[in-house]
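Worksheet: the structure to be examined is printed underneath.
Protein chains: 2
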Amino acid sequence: MKARVHVTLKAGVLDPQGKAIAHALHALGFDGVRDARQGKVIELDLEDDDPEAARARIDDMCRQLLANTVIETYRIEL
Amino acid sequence: MKARVHVTLKAGVLDPQGKAIAHALHALGFDGVRDARQGKVIELDLEDDDPEAARARIDDMCRQLLANTVIETYRIEL
């Protein structure tokens with residue numbers, strides 16, 4: 005089965021990549037951009053067929069590797 | 005209004021970052037991972053209130069800056 009993990013910086017954590025994007029958009033004339041933040045999506049192709057087991061396993065993957073839970077939050081989409 | 009842009013590599017484009025993630029997950033004992041691919045999400049805070057106008061503007065942003073349309077596809081979520 006396919007799963008998607010969205011990893012984003014927690015609110016309040018400085019996001020220089022997002023700031024650079026907002027700055028570049030302003031430079032291109034897109035003045036209506038108040039703010040931009042960048043996160044990542046990881047698309048997983050799993051052998052699991054049981055959504056509940058898959059969710060628990062992905063949660064482990066996030067805590068061990070995919071997300072830095074000190075500064076990032078993650079959301080699992082099955 | 006808030007908008008989200010998902011940028012992912014086109015199918016068939018080599019994704020070394022995704023391969024590294026899959027490899028690291030295997031090394032951690034997550035054997036059920038067939039494949040992993042990494043993309044990015046950009047969260048925008050816009051002054052626009054009209055979803056149609058916002059979508060057109062974000063489409064411009066994607067083509068000019070946010071996505072490399074040679075190797076990436078994007079999806080706009082309002």
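Top line first, the protein sequences correspond to chains A and B. Counting from 5, one number per residue, gives the positions in the first sequence under the working numbering. Counting from 5, one number per residue, gives the positions in the second sequence under the working numbering. Quick reminder that beta carbons are idealized off the backbone N, C-alpha and C, glycines included.
As a beta-bridge residue in DSSP terms, L48 of chain A pairs with A:A7, B:A40. E76 of chain B and E56 of chain A have their C-alpha atoms some 31 Å from each other. Across the segment 18–42 of chain B, CB contacts with chain A closer than 7 Å involve I25, A28, L29, L32, F34, G36, V37, R38, D39, A40, R41, Q42, in sequence order along the chain. Taking the Cα positions, R41 of chain B is about 11 Å away from K6 of chain A.
Interface residue (Cβ-Cβ distance to chain B less than 8 Å): L50 of chain A is classified as such. The C-alpha of K44 of chain B is placed about 9 Å away from the C-alpha of H10 of chain A. For the set A:L50, A:L32, A:D52, A:A60, the Cα lying nearest the Cα of Q68 of chain B is the one of A:L32. Only buried fits V37 of chain B, as 16 or more other CB atoms lie within 10 angstroms of its CB. Along the segment 55–72 of chain B, the positions whose C-beta sits under 8 Å from a C-beta of chain A are R61, D64, M65, Q68, L69, L70, read in chain order. Distance check between L48 of chain A and each of B:A15, B:D39, B:L48, B:V74 places B:D39 closest, using alpha-carbon atoms only.
When the beta-carbon positions are compared, I46 of chain A and I46 of chain B stay at least 8 Å from each other. About 7 Å separates the CB atoms of F34 of chain A and R61 of chain B; that is less than 8 Å, so the two are in contact. In the structure shown, I80 of chain B adopts extended strand secondary structure according to DSSP, grouped into three states.
A15 of chain A sits exposed, since fewer than 16 C-beta atoms from the chains shown fall within 10 Å of its C-beta. Shown here for D52 of chain B: same chain residues with a beta carbon closer than 7 Å to its own, the five before and five after excluded, namely M5, A58, R61 in chain order. Neighbours of E76 of chain B across chain A, judged by C-beta separation under 7 Å, do not exist; the nearest C-beta is about 12 Å away.
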